[in-house]
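Colleague:
There are 2 protein chains.
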Amino acid sequence: MQDFPLTLDRFLDHAAKWHPQAEVVTARGDGGVDRVGYAGLRERAVRISGVLADAGVRFGDRVATLAWNTQAHVEAWYAIMGMGAVCHTLNPRLTAEQLAGMLDQSQARILIVCGDLLPLALAVAGRTGIVPRVLVIDGALPEEAIATPRVDALDALVAESEAEDAPWGGFDERTPAGLCFTSGTTGPPKGVTYTHRSSFLHTLRTLHTDVMAISGRDSVLVAVPMFHANAWGLPFAAPASGAKLVLPGRSNDGASLARLILSEGVTVAVGVPTVWLGLVEHLEAIGGDLPTLRRIIVGGAPMAPALMERLEARLGVTVQTSWGMTELSPSGTVAVPEDPDRSPAASGKPAIGVDLLLTDANGTPLPEQRGVEGHLRVRGAAVVSRYFGQETDATDASGWFPTGDLARIDERGNLFITGRAKDLIKSGGEWINPAEIEACIGALPQISQAAVIGRPDAKWGERPILLVELREKESISDEALLGALRGRVASWWIPDAVIRLPTMPLAATGKIDKVQLRRQHG
Amino acid sequence: MQDFPLTLDRFLDHAAKWHPQAEVVTARGDGGVDRVGYAGLRERAVRISGVLADAGVRFGDRVATLAWNTQAHVEAWYAIMGMGAVCHTLNPRLTAEQLAGMLDQSQARILIVCGDLLPLALAVAGRTGIVPRVLVIDGALPEEAIATPRVDALDALVAESEAEDAPWGGFDERTPAGLCFTSGTTGPPKGVTYTHRSSFLHTLRTLHTDVMAISGRDSVLVAVPMFHANAWGLPFAAPASGAKLVLPGRSNDGASLARLILSEGVTVAVGVPTVWLGLVEHLEAIGGDLPTLRRIIVGGAPMAPALMERLEARLGVTVQTSWGMTELSPSGTVAVPEDPDRSPAASGKPAIGVDLLLTDANGTPLPEQRGVEGHLRVRGAAVVSRYFGQETDATDASGWFPTGDLARIDERGNLFITGRAKDLIKSGGEWINPAEIEACIGALPQISQAAVIGRPDAKWGERPILLVELREKESISDEALLGALRGRVASWWIPDAVIRLPTMPLAATGKIDKVQLRRQHG
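If you read the sequences in order, they're chains A and W. If you want the working numbering, it's the position in the first sequence, counting the first as 1, plus 109. If you want the working numbering, it's the position in the second sequence, counting the first as 1, plus 109.
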């Protein structure tokens, strides 16, 4: 059989040749959009590869990006990866200090940044030992930056470039392609290195009819950031299948997304639950329908049953739940599209290329793998084996990666994430699982968001407290809240106190920030 | 990222763990069926690996099969491939002489054979230099065979086996897994070696929503033989997705298939056009519906527009056309499911992992790749690079494999196979393409099958003649037949003669046997 290295540049080659007119559409922020076909996008990506090579980037070098979901960011991804360099995505919601620490680890000497993030980029650059060169995309270079040494507009360099033979593909499929740091709530953040092969195979899984089922007839709205775990791989899956790729820029508010879904005929929308909460609240407030939208794929946080029902009823869509993490490239399991037995608590079953194992706290496989709760381990073609720059494996002796999640798998093989091992609360020597309490409370129609954390307690060691954010114009008494738990969780699991928050604090990835909650209320 | 070799044993491991109850169902021939879940099937396959190892089969050895589409044949496939041996599938519709020649090439010293094919197997064994050991599946060993040296019932060996550590997986993904000879109408047949990697990647492509879209909710009837080009990869795709695999044994007649589709809730049926002609004729004769059937995937031969219309109208299905060949593992392109613009003449566009190129007769790429006819070349992860045992590559200097097909690609990227280069007729120094004439004639409602071949002609070198098989109870005059061509092909393309055949001769793969037609009528 022919040699056919699984490298990511092929996705753009394929799209340019077989879906040249299929578009990448970016919301500009002024209500307008920018469009480019895959043929045009590939041409630009290759030219940027040439510019980066001119700028001294060599095979295997890291190049960082600090950017929103835009066409220029997609071009930068493919330019970097297509030449065999490593795209190190940075999260603009982190501090300059945190980002500088990551750059010091990756040693990226070029930082590609969206115009509006230039001040943050310069703050980061000033704090690193390497002082990267900054290339600005998406927006004109501000007056004051033009004189700044080592800051350039990428487009100006592309226009000037005379590079003829831009490097593009033709290398080993196990070449690193991407680098993403986990949000790391404890200890220094850890980097996960994706290879061309792992992201290629992850993409093929995404295209399966029982996974994300992305088709050339789809218009896919990617409301999960490209700086976070490959935007769930959709900037790969869209060109690989010829789907239209719709990018919201930096605006994920309900009004912006509704406008984009309508104007671009979006059929599949992908993002964390809170984003869709914003969308449905917008539509409930102003009215209107999204007739082309058929599916919403959610992940990254538990799905509240009330929200799932509301989305399906109000938008006429099917919600597909999923589970993943940065270390999994990031998709682990996705519920089958249109599954009549779908449930907000279930995350689907693994497709070929992913395998799951439940163990005890020490990593010993449970004798029974169905219907019991255990610590979840995972193995597969797109699962981390060792964190960036570390000397020891992240996997156990049998090659399984411990996720830190608690989970149950039902008789049909569906995964239910039941909590995070480190979120467990130890009360009177016994474990309380906050996720189970949160699921009960989250199911109440008055609740927008709910979190349970442990508070030190002289007698019991720790006791749970409940924090809630109510939906607009709703009210509910503490008694009613806690009463909803009676008979559904053990009586000693019922929280000692209820705290009401106007807004639940969210971490950079959109999940509830339990570290902050513990600091302020624990 | 973790090491995760793409080996085919993983499909059965995956199905056994995540779809243990999903079934492989085999029609027995007496109207009944045999069933096994994937967990049970895997257990049997591993035990057979142990038996083969006991019998002296080593990593890399070839083991031949001469069998119909049955559970036992699937078990043999996985047993052979799972231990790192090479499964050499033999076509029972070939002669003992032809098969012996293939065995002499592959040097398979074990031949696994369905009970009813034992006489053929013994005839083959007697003609080879290697005298393979014969293991019988599917049916009791006949009296006279029990005393035959080197003939055993495989099940008896499995029952006796005390093998504890059957070999299973754990080897390099580029290990050869399968061997299939092309029907080779000229010259000695050529063998194509599939590797684990190539068939794994071919399977992932098959699961795409824009390709065969096989889902765990499907029940897939495989009416294309397992001895021919991996049965289009469906014995891999079904366990990889958890789909039910429905096998018709040796009976592909309309009545048997209709019964099986009804009893097993078949949703997707796969095979050459003539098989579905038999199905629709059966239903038209006896009445009845197939309510679960949603799609029929056809390939291996041109699809007559009248048959496609008839299938869709009578069965309420969508027909998906496709194009492939043994050298492509075998799928090249598949029309998108439910494509509103589908056409019997189109074969879909390439999915990621396959690329197409049109050249002139010398292999020089055509300057324009859309809307013009050329010689089709193909490149991809599951495309042959060199035939079995040969010293030179089957590809050109740029790695493209010349298919021998003539094709056109439209503006949307859809492939239209317009003929075989070697079927072209040279008349008065100009080329006539029989496929275009056949398509016009095949569209007539009276026609079941049509073929055009060249006949030597003193004046013009060659002249075309038309051979037709009419549909039952239909009639049409020669004048009307040829009249249908006027205005649709050049006047000098119109055949000089019409020959009516009671039955069109078919080659072993179900295609019209033009070699025989040329011998008898050319």
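Even for Gly, the Cβ is constructed at its ideal location relative to N, Cα and C.
Would you please verify whether the beta carbon of residue 317 of chain A is less than 8 Å from any beta carbon of chain W?
Modeller: Taking the first sequence and counting its residues from 1, one reaches residue 317 of chain A at position 208. Taking Cβ atoms only, chain W reaches closer than 8 Å to residue 317 of chain A, which makes this a yes.
Colleague: Exposed or buried, what is residue 308 of chain A when buried is set at 16 or more other beta-carbons lying within 10 Å of its beta-carbon?
Modeller: Counting from 1 along the first sequence, the entry for residue 308 of chain A is found at position 199. The C-beta of residue 308 of chain A has 16 or more other C-beta atoms within 10 Å across all chains shown, which makes the residue buried.
Colleague: Mind checking whether residue 230 of chain A and residue 243 of chain A have CB atoms under 8 Å apart?
Modeller: Here residue 230 of chain A refers to the residue found at position 121 when the first sequence is read from its first residue. Here residue 243 of chain A refers to the residue found at position 134 when the first sequence is read from its first residue. Cβ atoms of residue 230 of chain A and residue 243 of chain A: closer than 8 Å.
Colleague: In this structure, how does DSSP classify residue 155 of chain W when only helix, strand and coil are distinguished?
Modeller: Position 46 of the second sequence, counting from 1, holds the residue named residue 155 of chain W. Three-state result, residue 155 of chain W: helix.
Colleague: Given a cut-off of 8 Å on the beta-carbon distance, is the pair residue 392 of chain A and residue 350 of chain A in contact?
Modeller: What you label residue 392 of chain A is simply residue 283 of the first sequence in a count that begins at 1. What you label residue 350 of chain A is simply residue 241 of the first sequence in a count that begins at 1. Against a cut-off of 8 Å, the Cβ pair of residue 350 of chain A and residue 392 of chain A comes out as no contact.
Colleague: Using a C-beta cutoff of 8 Å, does residue 488 of chain W count as contacting chain A?
Modeller: For the purposes of this step, residue 488 of chain W is taken as residue 379 along the second sequence, with counting starting at 1. Cβ-Cβ to chain A under 8 Å: yes for residue 488 of chain W.
Colleague: Terminal residues of the continuous alpha helix (DSSP H) containing residue 589 of chain A?
Modeller: As a working note, residue 589 of chain A is residue 480 in the first sequence. Per DSSP, residue 589 of chain A belongs to the alpha helix (DSSP H) from 587-592.
Colleague: Are there 16 or more other CB atoms within 10 angstroms of the CB of residue 431 of chain A, so buried, or fewer, so exposed?
Modeller: Position 322 of the first sequence, counting from 1, holds the residue named residue 431 of chain A. Buried is the call here.
Colleague: Identify the contact partners of residue 508 of chain A in chain W, using a Cβ-Cβ distance below 7 Å as the criterion.
Modeller: Numbered from 1 along the first sequence, position 399 holds the residue referred to as residue 508 of chain A. Going along chain W in sequence order, the residues near residue 508 of chain A (Cβ under 7 Å) are 111.
Colleague: Near residue 185 of chain W, which residues of its chain fall below 6 Å by C-beta distance, leaving aside the five closest residues on each side in sequence?
Modeller: Looking up residue 185 of chain W in the second sequence gives position 76. Excluding positions up to five away in sequence, the list reads 174 and 221.
Colleague: Does the beta carbon of residue 322 of chain W sit closer than 8 Å to a beta carbon anywhere in chain A?
Modeller: Position 213 of the second sequence, counting from 1, holds the residue named residue 322 of chain W. Taking Cβ atoms only, chain A reaches closer than 8 Å to residue 322 of chain W, which makes this a yes.
Colleague: Since residue 406 of chain A and residue 321 of chain A are thought to touch, with beta carbons under 8 Å apart, how far apart are those beta carbons, to the nearest angstrom?
Modeller: Locating residue 406 of chain A in the first sequence gives position 297, where the first residue counts as 1. Locating residue 321 of chain A in the first sequence gives position 212, where the first residue counts as 1. About 6 Å separates the beta carbon of residue 406 of chain A from that of residue 321 of chain A, a gap short enough to meet the 8 Å contact definition.
Colleague: Have a look at A/343, A/304, A/327 and A/360 and flag the residue whose alpha-carbon is nearest the alpha-carbon of residue 353 of chain A.
Modeller: As a working mapping, residue 353 of chain A is identified with position 244 in the first sequence. When each option's Cα is compared against that of residue 353 of chain A, the closest is A/327.
Colleague: At 3 residues or longer, and completely inside the stretch 278-361 of chain W: list those beta strand (DSSP E) runs for me, N to C.
Modeller: 285-290, 300-304, 328-331 and 353-356
Colleague: Could you pull the start and end residues of the alpha helix (DSSP H) that residue 215 of chain A belongs to?
Modeller: In the first sequence, counting from the first residue as 1, residue 215 of chain A sits at position 106. First-last of the alpha helix (DSSP H) with residue 215 of chain A: 205-215.
Colleague: If you draw a straight line from the C-alpha of residue 561 of chain A to the C-alpha of residue 195 of chain A, how long is it?
Modeller: Locating residue 561 of chain A in the first sequence gives position 452, counting from the first residue. Locating residue 195 of chain A in the first sequence gives position 86, counting from the first residue. The alpha-carbon atoms of residue 561 of chain A and residue 195 of chain A are separated by roughly 39 Å.
Colleague: Considering only their Cβ atoms, is the gap separating residue 472 of chain A from residue 523 of chain A smaller than 8 Å?
Modeller: Position 414 of the first sequence, counting from 1, holds the residue named residue 523 of chain A. Position 363 of the first sequence, counting from 1, holds the residue named residue 472 of chain A. It is not a contact, given that the beta carbons lie outside the stated cut-off.
Colleague: Just the Cα atoms here: how many angstroms apart are residue 395 of chain W and residue 364 of chain W?
Modeller: By one-based count along the second sequence, residue 395 of chain W stands at place 286. By one-based count along the second sequence, residue 364 of chain W stands at place 255. Rounded to whole angstroms, residue 395 of chain W to residue 364 of chain W spans 9 Å at the Cα level.
Colleague: Pick out whichever of W/548, W/164, W/171 and W/463 has its Cα sitting closest to the Cα of residue 98 of chain W.
Modeller: Not covered by the structure: residue 98 of chain W. The range shown for chain W is 110 to 631.
Colleague: Quick check on residue 299 of chain A: buried or exposed, where buried means 16 or more other Cβ atoms within 10 Å of its Cβ?
Modeller: Locating residue 299 of chain A in the first sequence gives position 190, where the first residue counts as 1. Buried.
Colleague: What are the uninterrupted segments assigned as alpha helix (DSSP H) that are 4 or more residues long and contained completely in the stretch 228-279 of chain A, given in chain order?
Modeller: Segments of the alpha helix (DSSP H) lying fully in the stretch 228-279 of chain A: 252-255 and 263-269.
Colleague: With distances taken Cα to Cα, identify the nearest neighbour of residue 380 of chain A among A/268, A/197, A/489 and A/404.
Modeller: Here residue 380 of chain A refers to the residue found at position 271 when the first sequence is read from its first residue. Of the candidates A/268, A/197, A/489 and A/404, the one whose C-alpha sits nearest the C-alpha of residue 380 of chain A is A/404.
Colleague: Using a threshold of 8 Å, state whether the C-beta atoms of residue 497 of chain W and residue 436 of chain W are closer than that.
Modeller: The residue you call residue 497 of chain W lines up with position 388 of the second sequence. The residue you call residue 436 of chain W lines up with position 327 of the second sequence. For residue 497 of chain W and residue 436 of chain W, no; Cβs fall outside 8 Å.
Colleague: I think residue 580 of chain W touches residue 556 of chain W, with their Cβ atoms under 8 Å apart; what is that distance to the nearest whole Å?
Modeller: What you label residue 580 of chain W is simply residue 471 of the second sequence in a count that begins at 1. What you label residue 556 of chain W is simply residue 447 of the second sequence in a count that begins at 1. That belief holds up - the Cβ atoms of residue 580 of chain W and residue 556 of chain W are roughly 7 Å apart, short of 8 Å.
Colleague: Relative to the C-alpha of residue 261 of chain A, which candidate in A/576, A/250 and A/270 has its C-alpha closest?
Modeller: Taking the first sequence and counting its residues from 1, one reaches residue 261 of chain A at position 152. Ranking A/576, A/250 and A/270 by Cα distance to residue 261 of chain A puts A/250 first.
Colleague: Assuming residue 513 of chain W contacts residue 490 of chain W (C-beta within less than 8 Å), just tell me the rounded distance between them.
Modeller: The residue given as residue 513 of chain W occupies position 404 in the second sequence. The residue given as residue 490 of chain W occupies position 381 in the second sequence. Going by Cβ atoms, the distance from residue 513 of chain W to residue 490 of chain W rounds to 21 Å, so no, they are not a contact pair.
Colleague: Residue 413 of chain A: buried (16+ other C-beta within 10 angstroms of its C-beta) or exposed?
Modeller: Taking the first residue of the first sequence as 1, we reach residue 413 of chain A at position 304. By the neighbour-count rule (16 or more Cβ atoms within 10 Å), residue 413 of chain A is buried.
Colleague: With contact counted as at least three CB pairs below 8 Å, one residue from each stretch, are the stretch 141-152 of chain W and the stretch 593-604 of chain A in contact?
Modeller: no
Colleague: Extract the residue ranges of the beta strand (DSSP E) inside the stretch 367-403 of chain W, only unbroken runs of 3 or more that lie entirely within it.
Modeller: 377-380
Colleague: How would you write the range of the alpha helix (DSSP H) that residue 171 of chain W sits in, first residue to last?
Modeller: Indexing the second sequence from 1 puts residue 171 of chain W at position 62. Run containing residue 171 of chain W: none in the alpha helix (DSSP H); it sits in the beta strand (DSSP E), 171-175.
Colleague: What whole-angstrom Cβ distance do residue 338 of chain A and residue 323 of chain A have, given they're in contact under 8 Å?
Modeller: In the first sequence, counting from the first residue as 1, residue 338 of chain A sits at position 229. In the first sequence, counting from the first residue as 1, residue 323 of chain A sits at position 214. About 17 Å separates the two Cβ atoms, so there is no contact after all.
Colleague: Which residues share a DSSP beta bridge with residue 621 of chain W?
Modeller: Taking the second sequence and counting its residues from 1, one reaches residue 621 of chain W at position 512. Paired residues: W/615.
Colleague: Can you give me the C-alpha to C-alpha distance between residue 388 of chain W and residue 139 of chain W, rounded to a whole angstrom?
Modeller: On the second sequence, residue 388 of chain W is found 279 positions in, with the first residue counted as 1. On the second sequence, residue 139 of chain W is found 30 positions in, with the first residue counted as 1. When rounded, the distance between both Cα atoms is 19 Å.
Colleague: Got a sec, what are the start and stop residues for the alpha helix (DSSP H) residue 421 of chain W sits in?
Modeller: Counting from 1 along the second sequence, the entry for residue 421 of chain W is found at position 312. It spans 414-424 - the alpha helix (DSSP H) in which residue 421 of chain W sits, taken as one unbroken run.
Colleague: Short check: CB of residue 355 of chain A to CB of residue 333 of chain A, under 8 Å?
Modeller: To locate residue 355 of chain A, count along the first sequence from 1; it is residue 246. To locate residue 333 of chain A, count along the first sequence from 1; it is residue 224. Not a contact, by the Cβ cut-off of 8 Å.
Colleague: Nearest to residue 192 of chain A by CA position, among A/567, A/484 and A/275, is which residue?
Modeller: For the purposes of this step, residue 192 of chain A is taken as the residue at position 83 of the first sequence. The residue with the shortest Cα to Cα distance from residue 192 of chain A is A/275.
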